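Here the structure comes first, spelled out in structure tokens, and everything after it is commentary.
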Amino acid sequence: MIWKSVVGKLWLTILLLFTFVLFILTILLLEFFENYHVNEAERELTQLGRKISMIVEEHEDFELAKSIAWQLADDVSRVIIFSDKDHYWHSPTDETDAVLPSEFFREDEELSQVFLDHTIVTKKSYSPDLDSESEAFGEMMIVGTPLHIDGVEDGAVYMYQSLTAIKETTNQTTQLILISAGIAIFLTTIFAFFLISRVTSPLRKMREAAFEVARGKFDTKVPILTYDEIGELAMAFNQMGRQLKFNLNALNQEKEHLANILSSMADGVITLNRDGTILITNPPAERFLQAWFYQEGSDTREQLPHEIKEMFQRVVNFEREQSMELTYQGRTWVIVMSPLYNNTHVRGAVAVIRDMTEERRLDKLREGFIANVSHELRTPISMLQGYSEAIVDDIAGSEEEKKELASVIYDESLRMGRLVNDLLDLARLESGHSTVNREQVEVEEFFDKMIRKFHGLAKEKMVDLHSEIIGDTLVDFDVDKMEQVFTNLIDNALRHTDSGGSITIRVELGELGMKVDVQDTGQGIPEEDIPFVFERFYKADKARTRGRSGTGLGLSIVKNIIESHNGSIGVHSKLNEGTTFSLVIPRTVQ
Numbered sequence: 001m002i003w004k005s006v007v008g009k010l011w012l013t014i015l016l017l018f019t020f021v022l023f024i025l026t027i028l029l030l031e032f033f034e035n036y037h038v039n040e041a042e043r044e045l046t047q048l049g050r051k052i053s054m055i056v057e058e059h060e061d062f063e064l065a066k067s068i069a070w071q072l073a074d075d076v077s078r079v080i081i082f083s084d085k086d087h088y089w090h091s092p093t094d095e096t097d098a099v100l101p102s103e104f105f106r107e108d109e110e111l112s113q114v115f116l117d118h119t120i121v122t123k124k125s126y127s128p129d130l131d132s133e134s135e136a137f138g139e140m141m142i143v144g145t146p147l148h149i150d151g152v153e154d155g156a157v158y159m160y161q162s163l164t165a166i167k168e169t170t171n172q173t174t175q176l177i178l179i180s181a182g183i184a185i186f187l188t189t190i191f192a193f194f195l196i197s198r199v200t201s202p203l204r205k206m207r208e209a210a211f212e213v214a215r216g217k218f219d220t221k222v223p224i225l226t227y228d229e230i231g232e233l234a235m236a237f238n239q240m241g242r243q244l245k246f247n248l249n250a251l252n253q254e255k256e257h258l259a260n261i262l263s264s265m266a267d268g269v270i271t272l273n274r275d276g277t278i279l280i281t282n283p284p285a286e287r288f289l290q291a292w293f294y295q296e297g298s299d300t301r302e303q304l305p306h307e308i309k310e311m312f313q314r315v316v317n318f319e320r321e322q323s324m325e326l327t328y329q330g331r332t333w334v335i336v337m338s339p340l341y342n343n344t345h346v347r348g349a350v351a352v353i354r355d356m357t358e359e360r361r362l363d364k365l366r367e368g369f370i371a372n373v374s375h376e377l378r379t380p381i382s383m384l385q386g387y388s389e390a391i392v393d394d395i396a397g398s399e400e401e402k403k404e405l406a407s408v409i410y411d412e413s414l415r416m417g418r419l420v421n422d423l424l425d426l427a428r429l430e431s432g433h434s435t436v437n438r439e440q441v442e443v444e445e446f447f448d449k450m451i452r453k454f455h456g457l458a459k460e461k462m463v464d465l466h467s468e469i470i471g472d473t474l475v476d477f478d479v480d481k482m483e484q485v486f487t488n489l490i491d492n493a494l495r496h497t498d499s500g501g502s503i504t505i506r507v508e509l510g511e512l513g514m515k516v517d518v519q520d521t522g523q524g525i526p527e528e529d530i531p532f533v534f535e536r537f538y539k540a541d542k543a544r545t546r547g548r549s550g551t552g553l554g555l556s557i558v559k560n561i562i563e564s565h566n567g568s569i570g571v572h573s574k575l576n577e578g579t580t581f582s583l584v585i586p587r588t589v590q
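Using the UniProt record's numbering, the first residue of the sequence shown is number 1, and each one after it goes up by one.
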């Protein structure tokens with residue numbers, strides 16, 4: 001609608017203001033012209049009455065004076081001359097014109113003052129009180145002036161004129177003023193609308209540009225057509241658009257920077273509002289919430305675990321950092337929550353979630369490692385101490401018994417040496433300090449050497465030990481470390497294979513590398529023990545018997561050596577049927 005726009009409001013305001021001013025001016029002009037015509041008629045009648053009085057007084061010939069007086073009176077004015085109250089003469093008139101009787105002048109209290117006071121008397125808007133002829137006279141203006149004839153001061157000259165002619169003149173003036181006012185209003189409407197449209201045209205363009213900026217088009221510019229206040233406003237708008245674009249770009253960059261930081265963080269971050277709703281999360285936090293959601297089930301409608309909500313309430317109420325540890329889906333998270341402030345008030349909280357599963361597993365491994373090392377060292381040390389005390393106390397009576405005790409001490413010291421060496425080897429491998437000295441090796445020759453190394457022990461246990469090699473026989477690897485690998489694997493196979501069994505080393509060489517299966521027909525590994533055979537100090541033999549049971553570090557060392565060659569190792573076993581260790585070594589170590 002037009003009155004809802006700036007153009008319409010300004011146009012209507014100017015039009016109403018101009019119309020109101022013009023209306024007041026018209027009223028004042030009409031009143032002015034009406035009073036002006038009446039006063040002018042009064043002045044003319046007064047002057048004419050004085051002239052006639054002077055003419056009558058100065059001319060000795062009364063008839064000549066009357067004749068001159070009748071000529072001075074115009075068509076609308078009438079003259080009546082009283083020499084005294086009883087004798088009077090009226091200016092000649094047409095038969096159709098109405099003439100005031102002389103009684104009105106003599107009997108009217110106000111008009112008769114001319115005879116008494118000998119002063120000029122004026123009476124406006126006078127309506128003669130005549131029953132039969134009142135409509136013929138209407139409103140009149142009467143001016144009376146004193147007349148002195150032959151020293152007699154009772155005479156008077158009355159001039160009277162109907163106000164109808166004055167009203168007709170006033171009506172014509174009113175029509176002219178109203179027509180002028182209408183033309184002025186029309187022209188004012190056109191020029192005001194044109195002027196306002198021209199003035200507000202830059203404002204409309206700025207409005208369109210503002211809508212474009214609101215849609216995200218910050219390059220929109222308003223043309224500068226003038227250099228007045230509106231032109232300065234357009235320049236300020238363009239500068240505002242550029243500054244707004246710069247600030248938004250800076251905010252977007254800051255937001256992207258913050259989003260990249262949150263996304264790349266290893267710890268989860270959850271930002272909470274004052275009412276506990278989630279504002280911001282990153283991928284690790286999403287994984288935590290997903291683990292909680294899967295554990296709780298799909299029926300829950302909560303956004304956060306109950307424990308975190310309680311911690312959030314404590315953070316908001318006490319305005320202090322809180323921490324706790326939760327476990328979901330077999331993983332452990334430590335949550336630290338701190339309050340967020342808005343000036344002096346808490347507006348929410350931020351929770352940092354760290355996945356401590358690996359740390360807790362390493363803690364358990366460290367504790368288990370210490371326990372296992374202590375257990376493994378305690379037995380040989382106890383035996384060394386006991387047998388040494390037996391020798392010192394001369395418990396052994398014969399040389400043979402002393403040699404037997406010394407042999408046991410020697411075996412236990414060797415066992416402790418193997419344990420310490422294995423621990424050192426494992427520590428070097430896991431720390432990455434052990435280097436791989438790669439060289440080109442003839443595979444068939446290497447495995448023949450391994451067969452010869454264990455030939456005597458296999459023959460003693462009556463176990464068939466042989467190898468099968470398929471494909472090219474040249475591969476790059478560290479000979480010493482690979483010898484340690486197969487020494488452990490073959491030794492384990494011999495220890496767990498009964499007489500009459502067999503151990504087969506099957507080697508397949510291809511373009512990608514070497515695959516080796518060490519297969520035996522021994523006792524096998526229980527199914528529940530298979531996932532743990534490569535852990536340190538793990539033994540399927542729960543009693544940890546002495547002798548050739550080993551230190552429990554061999555397979556762990558084997559796995560680390562294979563992984564240092566960028567290879568992989570696995571195991572398949574069935575109880576009382578045998579075990580197969582399968583390993584893959586790439587042809588070229590990266």
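In this text, a Cβ means the ideal position worked out from N, Cα and C, and glycines have one as well. Small disclaimer: the values here were computed from a predicted structure and weren't measured.
### Task
Could you pull the start and end residues of the alpha helix (DSSP H) that Thr271 belongs to?
That residue, Thr271, is in no alpha helix (DSSP H); its beta strand (DSSP E) goes Gly268 to Asn273.
### Query
Among residues of its own chain, excluding the 5 on either side of Gln322, which ones have a beta-carbon nearer than 7 angstroms to its beta-carbon?
Met311, Arg314, Val315 and Met337
### Query
In terms of residue numbering, what span does the alpha helix (DSSP H) encompassing Arg495 cover?
Val479 to Arg495
### Query
Buried or exposed: where does Arg378 fall if 16 or more other Cβ atoms within 10 Å of its Cβ makes it buried?
exposed
### Message
On the criterion of 16 or more Cβ atoms from any shown chain inside 10 Å, does Tyr227 qualify as buried, or is it exposed?
### Response
exposed
### Query
When you compare each of Lys574, Glu325 and Phe318 to Glu527 by their alpha carbons, which one comes out closest?
Lys574
### Through-space distance from Gln329 to Ser488, alpha-carbon basis
Sequence check: residue 488 is Asn here, not Ser. Each residue's Cα considered, the two are about 36 angstroms apart.
### Task
Taking Asp448 as part of the alpha helix (DSSP H), name the residues at either end of that continuous run.
Val443 to Lys453
### Query
Taking C-beta to C-beta, are Asp478 and Val516 nearer than 8 angstroms?
no
#### Entry: Opening and closing residue of the alpha helix (DSSP H) in which Ala291 lies
Pro283 to Glu296
### Message
Among the candidates Val392, Asp476 and Gln523, whose CA atom is the shortest distance from the CA of Gly567?
### Response
Asp476
### Message
Distance check for Leu553 and Asn560, CA to CA, integer angstroms please.
### Response
11 angstroms
### Task
Alpha carbon to alpha carbon, how far is Asn421 from Ile505? Give it in angstroms, no decimals.
27 angstroms
### Message
Suppose you measure from the CA of Gln161 to the CA of Leu147; what does that come to, to the nearest Å?
### Response
20 angstroms
### Task
Please state whether DSSP places Phe534 in a helix, a strand or coil.
coil
### Query
Quick check: the stretch 180 to 190 against the stretch 83 to 92, are there 3 or more CB pairs under 8 angstroms?
no
### Query
What is the DSSP secondary structure of Arg320, counted as helix, strand or coil?
coil
### Cα-Cα separation between Thr580 and Leu424, rounded to whole angstroms
27 angstroms
### Residue range of the alpha helix (DSSP H) that includes Ala65
Phe62 to Leu72
### Query
In terms of DSSP beta bridges, what is Val584 paired with?
Lys515 and Ser568
### Met240, enclosing alpha helix (DSSP H) - first and last residue
Glu229 to Ser264
#### Entry: DSSP three-state assignment for Leu362, whether helix, strand or coil
helix
### Query
If you compare alpha carbons, which of Leu258, Leu225 and Asp219 is closest to Phe246?
Asp219
### Query
Are three or more beta carbon pairs between the stretch 251 to 262 and the stretch 228 to 242 nearer than 8 angstroms?
no
### Task
Report yes or no: do three or more beta-carbon pairs, one from the stretch 347 to 362 and one from the stretch 267 to 284, lie closer than 8 angstroms?
yes
### Query
How should Lys217 be labelled, buried or exposed, when 16 other C-beta atoms within 10 angstroms of its C-beta is the threshold for buried?
exposed
### Message
Our contact map puts Thr497 next to Asp520 with C-beta atoms below 8 angstroms; I'd like the distance itself, whole angstroms only.
### Response
5 angstroms
#### Entry: Under the three-state DSSP convention, the category Thr93 falls into
coil
### Task
Closer than 7 angstroms by C-beta to Leu45: which residues in its own chain qualify, once you throw out the five before and the five after it? Chain order, please.
Ser77, Met141, Val143, Met159 and Gln161
### Task
Look at Val443 and Ile469 and say whether their C-beta atoms are less than 8 angstroms apart.
yes
### Query
Ser112 by DSSP, collapsed to three states: which one?
coil
### Message
For Lys481, count the other beta carbons within 10 Å of its own beta carbon; 16 or more makes it buried, fewer makes it exposed. Which is it?
### Response
buried
### Message
For a test of the three-state rule: what should DSSP assign to Lys80, helix, strand or coil?
### Response
It is worth fixing the name first, because residue 80 is Ile in this sequence and not Lys. The answer is strand: DSSP assigns Ile80 an E or B state.
#### Entry: Which listed residue (Ile530, Phe115, Met383 and Arg331) has its alpha carbon closest to that of Glu359
Arg331
### Query
Helix, strand or coil for Arg43 per DSSP?
helix
### Task
With a cut-off of 8 angstroms on the beta carbons, I'd call Ala65 and Ile55 a contact; round off their distance for me.
5 angstroms
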